[in-house]
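Student: Below are the structure tokens for one structure; questions will follow.
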Amino acid sequence: MLDTATAAAGNKTSGARSFDAIVIGAGIAGIYQLYRLRALGLSVRVFETGGGVGGTWYWNRYPGARFDSESYTYGYAFSEELLKEWNWSEHFSPQPETQRYLNHVVDRFDLRRDIQCDSRVKAADFDETARRWTVTLDDGERYNARFLITAVGPLSADTLPRLPGLDRFKGRSFHTYRWPHEDVDFAGKKVAVIGTGATGVQVIQTIAPLVGELTVYQRTPNWCTPLHNRKIGDAEQAAIKANYPAMFELLRQTPGCYIHNTDPRGTFEVSDEEREAFWEKLYAEPGFSIWMANFRDMLTDPKANALFSEFVARKIRQRVKDPATGEKLIPKCHGFGTRRVPQETGYYEVYNLPNVHLVDTRETPIETITEAGIRTSAGERAFDMIVYATGFDAVTGAFDRIAIRGTGGRLLTEHWADGPKTYLGLMSSGFPNLLTIVGPHNASTRCNIPRCIEQNVDWISDLVRYAHEKGVTRFEPTTEAEADWSKHVEELASGMLYTKVDSWLTGINTNVDGKNVRRVLQYQGGAPQYRARCDAVVAGGYSGMVLR
Ligand code: NAP
Numbered sequence: 003m004l005d006t007a008t009a010a011a012g013n014k015t016s017g018a019r020s021f022d023a024i025v026i027g028a029g030i031a032g033i034y035q036l037y038r039l040r041a042l043g044l045s046v047r048v049f050e051t052g053g054g055v056g057g058t059w060y061w062n063r064y065p066g067a068r069f070d071s072e073s074y075t076y077g078y079a080f081s082e083e084l085l086k087e088w089n090w091s092e093h094f095s096p097q098p099e100t101q102r103y104l105n106h107v108v109d110r111f112d113l114r115r116d117i118q119c120d121s122r123v124k125a126a127d128f129d130e131t132a133r134r135w136t137v138t139l140d141d142g143e144r145y146n147a148r149f150l151i152t153a154v155g156p157l158s159a160d161t162l163p164r165l166p167g168l169d170r171f172k173g174r175s176f177h178t179y180r181w182p183h184e185d186v187d188f189a190g191k192k193v194a195v196i197g198t199g200a201t202g203v204q205v206i207q208t209i210a211p212l213v214g215e216l217t218v219y220q221r222t223p224n225w226c227t228p229l230h231n232r233k234i235g236d237a238e239q240a241a242i243k244a245n246y247p248a249m250f251e252l253l254r255q256t257p258g259c260y261i262h263n264t265d266p267r268g269t270f271e272v273s274d275e276e277r278e279a280f281w282e283k284l285y286a287e288p289g290f291s292i293w294m295a296n297f298r299d300m301l302t303d304p305k306a307n308a309l310f311s312e313f314v315a316r317k318i319r320q321r322v323k324d325p326a327t328g329e330k331l332i333p334k335c336h337g338f339g340t341r342r343v344p345q346e347t348g349y350y351e352v353y354n355l356p357n358v359h360l361v362d363t364r365e366t367p368i369e370t371i372t373e374a375g376i377r378t379s380a381g382e383r384a385f386d387m388i389v390y391a392t393g394f395d396a397v398t399g400a401f402d403r404i405a406i407r408g409t410g411g412r413l414l415t416e417h418w419a420d421g422p423k424t425y426l427g428l429m430s431s432g433f434p435n436l437l438t439i440v441g442p443h444n445a446s447t448r449c450n451i452p453r454c455i456e457q458n459v460d461w462i463s464d465l466v467r468y469a470h471e472k473g474v475t476r477f478e479p480t481t482e483a484e485a486d487w488s489k490h491v492e493e494l495a496s497g498m499l500y501t502k503v504d505s506w507l508t509g510i511n512t513n514v515d516g517k518n519v520r521r522v523l524q525y526q527g528g529a530p531q532y533r534a535r536c537d538a539v540v541a542g543g544y545s546g547m548v549l550r
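Take 3 as the starting number for the sequence shown in this note's numbering and just add one per residue.
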């Protein structure tokens with residue numbers, strides 16, 4: 003119901019074609035960017051591919067989708083009234099609640115009239131004479147604006163596996179990102195899930211008790227740790243709200259803007275007993291504490307990392323009854339936390355159920371999807387449904403899907419062909435007046451994302467206001483500033499273990515041509531240092547940039 007309503011509301015936008023700013027995407031970033039630019043008195047149009055607002059929380063409706071940041075740390079911080087009036091019902095909110103929240107924000111601040119849904123941007127061209135961007139939608143309609151701001155999200159270019167026969171399957175099949183709006187009935191069904199990242203884990207643990215039979219196709223196991231979600235009672239709700247100022251101050255100080263802060267001790271600076279007790283405590287704590295608040299060397303020292311990985315491996319062995327299955331679920335090729343850690347609720351116990359089967363696709367590779375199901379080197383299994391939890395062409399993928407042409411008609415994808423080149427992860431040289439919220443080289447994809455989004459949006463809004471006030475019609479970073487920033491980002495990542503591992507964090511996606519070389523996509527210096535660098539650029543009169 004919501005989707006029809008929001009799509010209709012989206013179509014009520016004015017017939018104007020020319021704006022001060024165009025924003026691509028009406029997720030968390032696009033919504034807040036619209037709010038800030040509107041407050042500056044600018045005319046803005048937001049184009050959104052989906053039939054409603056919410057971005058990631060509009061699309062990812064798969065069973066079990068929920069936060070793994072604490073809900074109250076994730077909501078917008080810009081409005082005290084909003085913070086006071088919104089009650090999160092659980093510590094880690096489920097997707098429907100988050101989608102309701104984002105719709106509430108859009109309506110509360112009267113933002114919907116500038117959001118045009120069902121409108122995918124396919125191209126954006128910079129006109130050097132007019133110093134304006136022309137945006138072309140899928141249907142051929144064109145709009146133009148002085149400033150173009152992408153709010154396309156790091157995980158919005160979904161990818162299906164490169165397997166023969168995908169179209170041949172006669173049952174129902176879905177990528178988790180494209181989950182149907184109506185309920186899917188699993189009762190008695192034979193279901194396959196391909197993929198065991200954070201998404202696959204949430205789906206698997208949620209549908210296992212509902213289906214007739216579940217077969218999980220796992221290529222690489224991940225180190226999953228307990229989420230420990232709970233409902234929020236009235237007294238706790240009041241306490242959370244009373245603590246908002248202190249909590250947001252803490253979030254400004256931690257590297258990832260989580261309530262969890264790195265433990266200052268080194269793994270080998272404590273006794274064996276103390277270390278074990280500390281890790282037991284982390285394992286029993288909610289959320290990303292175990293990843294973010296672990297010993298300071300856990301993600302940089304291979305020995306420290308191996309010891310902790312062994313601790314988590316012991317937990318997996320304890321929780322999975324069949325030792326052979328337990329071993330298959332323990333990662334052997336990467337250490338804990340070097341890939342995004344899936345947060346789970348009873349995930350490992352799922353494999354103790356008689357109706358759940360695990361197929362290791364490194365032992366028996368998938369050969370093809372068939373009319374009836376999936377054939378591996380060990381034979382064919384028949385299914386009623388196949389769920390593709392196969393992830394995304396992350397961070398740069400959404401940019402690759404729009405033909406963004408800067409000066410001289412140069413494509414952004416060409417500019418980034420050997421890896422992203424950016425200034426502050428927010429701009430690229432040769433692409434004037436283009437700003438990329440949550441772009442590559444930005445702190446935001448290693449962050450409790452709304453916190454870093456708010457910082458990105460505030461910084462961009464200040465720049466746009468400055469340009470507007472000073473009559474600046476064109477700005478872009480210098481090639482030197484871009485090269486320096488890109489080098490700085492590479493250097494920050496160089497000591498980190500995750501750079502030696504294939505995952506979306508390093509830009510690897512086996513289902514996309516050209517995404518087989520590891521790249522540094524994130525700023526690893528932490529959000530406070532990133533914020534300081536951005537602020538220093540402003541204090542220096544937008545140093546590293548040419549404003550005309
Ligand atoms: P992902 O982590 O990239 O996982 C994709 C899975 O599909 C992997 O297990 C991958 O195996 C498998 N796969 C891909 N192609 C395959 C193929 N051709 N054959 C067999 N297996 C294949 O994607 P995701 O699970 O959607 O998660 C992406 C990110 O979204 C997460 O890391 C997280 O940041 C975010 N997320 C957040 C939440 C939350 O906040 N609660 C929830 C879900 C997701 P390999 O590992 O071998 O490549």
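Cβ coordinates follow ideal geometry from the N, Cα and C atoms, glycine included.
Under a criterion of Cβ closer than 5 Å to any non-hydrogen atom of the ligand NAP, which residues qualify, in chain order?
Tutor: 70, 157, 163, 197, 198, 199, 200, 201, 221, 222, 342, 392, 393 and 506
Student: What is the DSSP secondary structure of residue 418, reduced to helix, strand or coil?
Tutor: Numbered from its first residue, the sequence shown carries residue 418 at position 416. DSSP places residue 418 in coil when its eight states are reduced to three.
Student: Identify whether residue 261 lies in helix, strand or coil by the three-state DSSP scheme.
Tutor: For the purposes of this step, residue 261 is taken as residue 259 along the sequence shown, with counting starting at 1. It is coil, neither helix nor strand.
Student: Would you kindly report the start and end of the unbroken beta strand (DSSP E) that includes residue 490?
Tutor: Here the question's residue 490 lines up with position 488 in the sequence shown. Counting along the chain, residue 490 sits inside no beta strand (DSSP E); it lies in the alpha helix (DSSP H) bounded by residues 481 to 495.
Student: Using the DSSP secondary-structure output, state which residues sit across from residue 192 in a beta bridge.
Tutor: The count along the sequence shown starts at 1 and reaches residue 192 at position 190. Its beta-bridge partners are 215.
Student: Given that a residue counts as buried once 16 or more other Cβ atoms are within 10 Å of its Cβ, and exposed if not, what is residue 536?
Tutor: Looking up residue 536 in the sequence shown gives position 534. Buried, by the Cβ-count rule.
Student: Give the DSSP-derived three-state secondary structure of residue 82 in the structure shown.
Tutor: Sequence index remark: in the sequence shown, residue 82 carries index 80 (1-based). In the structure shown, residue 82 sits in a helix (DSSP, three-state: H, G or I).
Student: Out of curiosity, what's the CA-to-CA distance linking residue 59 and residue 197?
Tutor: Your numbering for residue 59 matches position 57 in the sequence shown. Your numbering for residue 197 matches position 195 in the sequence shown. Cα-Cα distance, rounded: 20 Å.
Student: Spatial neighbours of residue 418 within its chain, please: C-beta separation below 7 Å, excluding the five flanking residues on both sides.
Tutor: Position 416 of the sequence shown, counted from the first residue, corresponds to residue 418. Excluding positions up to five away in sequence, the list reads 398.
Student: Find the nearest neighbour of residue 463 within the set 321, 298, 436 and 355, judged by alpha-carbon distance.
Tutor: Along the sequence shown, read from residue 1 onward, the residue named residue 463 stands at position 461. Cα-wise, what sits closest to residue 463 is 436.
Student: Indicate whether residue 362 and residue 334 have their beta-carbon atoms separated by less than 8 Å.
Tutor: Walking along the sequence shown from the start, residue 362 turns up at place 360. Walking along the sequence shown from the start, residue 334 turns up at place 332. Contact flag unset, no.
Student: Just to confirm my understanding: we take residue 129, look at its own chain, exclude 5 residues before and 5 after, and list those with CB closer than 7 Å. What are they?
Tutor: As a first step, residue 129 must be located in the sequence shown, where it is residue number 127. Within the same chain, and ignoring the five residues on either side of residue 129 in sequence, the residues whose Cβ sits closer than 7 Å to its Cβ are 136.
Student: Flag this pair as yes or no: are the beta carbons of residue 104 and residue 122 separated by less than 8 Å?
Tutor: Sequence index remark: in the sequence shown, residue 104 carries index 102 (1-based). Sequence index remark: in the sequence shown, residue 122 carries index 120 (1-based). Not in contact: residue 104 and residue 122 (Cβ atoms no closer than 8 Å).
Student: When the Cα atoms are used, what is the spatial distance from residue 414 to residue 407?
Tutor: By one-based count along the sequence shown, residue 414 stands at place 412. By one-based count along the sequence shown, residue 407 stands at place 405. Distance between the alpha carbons of residue 414 and residue 407 is about 6 Å.
Student: Roughly how many angstroms separate the alpha carbons of residue 308 and residue 165, rounded to a whole number?
Tutor: Start at 1 with the first residue of the sequence shown, and residue 308 comes out as number 306. Start at 1 with the first residue of the sequence shown, and residue 165 comes out as number 163. So the two alpha carbons sit approximately 34 Å from each other.
Student: Going by CA-CA distance only, name the one from 378, 144 and 179 that's closest to residue 219.
Tutor: Here residue 219 refers to the residue found at position 217 of the sequence shown. Residue 378 is the option with its Cα nearest to residue 219.
Student: Got a sec? Which residues, its chain only, sit under 8 Å from residue 409 by beta carbon, not counting five neighbours each side?
Tutor: Against the sequence shown, residue 409 aligns to sequence position 407. Taking residue 409 as the centre and dropping the five residues before and after it, the same chain places the C-beta of 128, 130, 432, 433 and 434 closer than 8 Å to its C-beta, in chain order.
Student: Tell me, to the nearest whole angstrom, how far the beta carbon of residue 503 is from that of residue 340; I am working on the premise that it is less than 8 Å.
Tutor: Here residue 503 corresponds to residue number 501 of the sequence shown, with the count starting at 1. Here residue 340 corresponds to residue number 338 of the sequence shown, with the count starting at 1. Indeed they touch by this definition, with Cβ atoms about 5 Å apart.
Student: Would you call residue 6 buried or exposed, if buried means 16 or more other Cβ atoms sit within 10 Å of its Cβ?
Tutor: In the sequence shown, the residue the question calls residue 6 occupies position 4. Any reading at residue 6 must be qualified, since the residue scores a pLDDT of 28, below 50, and its modelled position is unreliable; no value is offered.
Student: Quick one: what does DSSP say residue 65 is sitting in, helix, strand or coil?
Tutor: Taking the first residue of the sequence shown as position 1, residue 65 is located at position 63. Residue state, collapsed to three classes: coil.
Student: Does residue 538 pass the burial test, meaning 16 or more other C-beta atoms within 10 Å, or should it be called exposed?
Tutor: Within the sequence shown, residue 538 is the residue found at index 536, counting from 1. The residue in question, residue 538, is exposed, as its Cβ has fewer than 16 Cβ neighbours within 10 Å.
Student: Report the three-state DSSP secondary structure of residue 6 (helix, strand or coil).
Tutor: As a working note, residue 6 is residue 4 in the sequence shown. For residue 6, the predicted model reports a pLDDT of 28, less than 50, meaning its position is unreliable; a value from the coordinates is still stated below. Of the three classes helix, strand and coil, the one that applies to residue 6 here is helix, per DSSP.
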